[in-house]
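S.K.: My questions will all concern the structure given below.
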Amino acid sequence: MIEQQFSEAFMQCVEHLSGKRINDIHQAYRLWNQISEREKVGVWDEIGRLCKMNNKQSHDYFHNKWTKQFCDDFSELKDEFRKIIRQQIQDEKKQQVQKIIQVIQHNYPTKNFHYQTLYQFIQYQLKIIDKANQSYIEDTEENQVKLFSLKHQESLTKQATDQPEEVVKRQAKLSSDDLVELQRLLQRWDNTQ
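And the structure:
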């Protein structure tokens, strides 16, 4: 019911915007894609009014459901897509390591670091960062530990117990000094680009 009502409202709006007679929804959809964004202003209000929904609902229905009829279903290709995604992530990680190496070489031009050792160190640090959104710890005061989530860029402050050994153990476990240095180098590199 809603699909038919939406289709009719959509065809009516596209016909008005394009000034052309619309025969079916396929023609309407093709014309819609040729209309400039500026000309489309207010169309969701009008379609919403005709379909008895608000502009957000008409917009979301169009983008999330109605337009699927014009697209190919990729459910049978999901395994292939997963392979492509994994390959792209691996390629990006290789590029990320190369970028980090460039940052380090840029920041320490007089140093001659062993390439393979540096590469392995960076890979290890990235693995730590990626592990289930694991956080690293930075001491802020004697009895306070600041936790940073690298994936979400959130910082949480947590009061530590009075036992400084607990803080030391957590620092050693997560190699926080290395991660802090790596993050600092990446930020400096991004600022120079």
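The sequence shown: position 139 = 139 (the numbering used here), numbered continuously. The C-beta atom is built at its ideal place from N, Cα and C for all residues, glycine as well. Everything numeric in this text was worked out from a predicted model, so none of it was measured.
Please state the DSSP three-state secondary structure of His-114.
M.R.: In this structure, His-114 counts as coil in the three-state DSSP scheme.
S.K.: Does the separation of the CB atoms of His-63 and Trp-44 fall below 8 angstroms?
M.R.: No, they are not a contact pair.
S.K.: Just mark Met-11 as buried or exposed, buried being the case when its beta carbon has 16 or more other beta carbons within 10 Å.
M.R.: Buried, because 16 or more other Cβ atoms sit within 10 Å of the Cβ of Met-11.
S.K.: Does DSSP put Lys-20 in a helix, in a strand, or in coil?
M.R.: Reduced to three states, the DSSP call for Lys-20 is coil.
S.K.: Specify the secondary structure class of Ile-84 as computed by DSSP and reduced to three states.
M.R.: In this structure, Ile-84 counts as helix in the three-state DSSP scheme.
S.K.: Have a look at Gln-187 and Gln-116 and give me their C-alpha separation to the nearest angstrom.
M.R.: Going from the Cα of Gln-187 to the Cα of Gln-116 covers about 23 angstroms.
S.K.: Taking all protein chains shown into account, do 16 or more other C-beta atoms lie within 10 angstroms of the C-beta of Gly-19, making it buried, or fewer, making it exposed?
M.R.: By the 10 Å Cβ count, Gly-19 comes out exposed.
S.K.: Short check: CB of Leu-185 to CB of Asn-107, under 8 angstroms?
M.R.: Yes, the Cβ-Cβ distance between Leu-185 and Asn-107 is below 8 angstroms.
S.K.: Would DSSP call Ile-2 helix, strand or coil?
M.R.: Note: Ile-2 maps to helix in three-state DSSP.
S.K.: What number of angstroms, rounded off, separates the C-alpha of Leu-50 from the C-alpha of Cys-13?
M.R.: Those two C-alpha atoms are separated by around 10 angstroms.
S.K.: Exposed or buried, what is Leu-17 when buried is set at 16 or more other beta-carbons lying within 10 Å of its beta-carbon?
M.R.: Looking at its Cβ environment, which holds 16 or more other Cβ atoms inside 10 Å, Leu-17 is buried.
S.K.: Just confirm the distance between the C-beta atoms of Trp-66 and Glu-8, as a whole number of angstroms; I'd bet it's less than 8 angstroms.
M.R.: The pair is not a contact, with the Cβ atoms about 12 angstroms apart (cut-off 8 angstroms).
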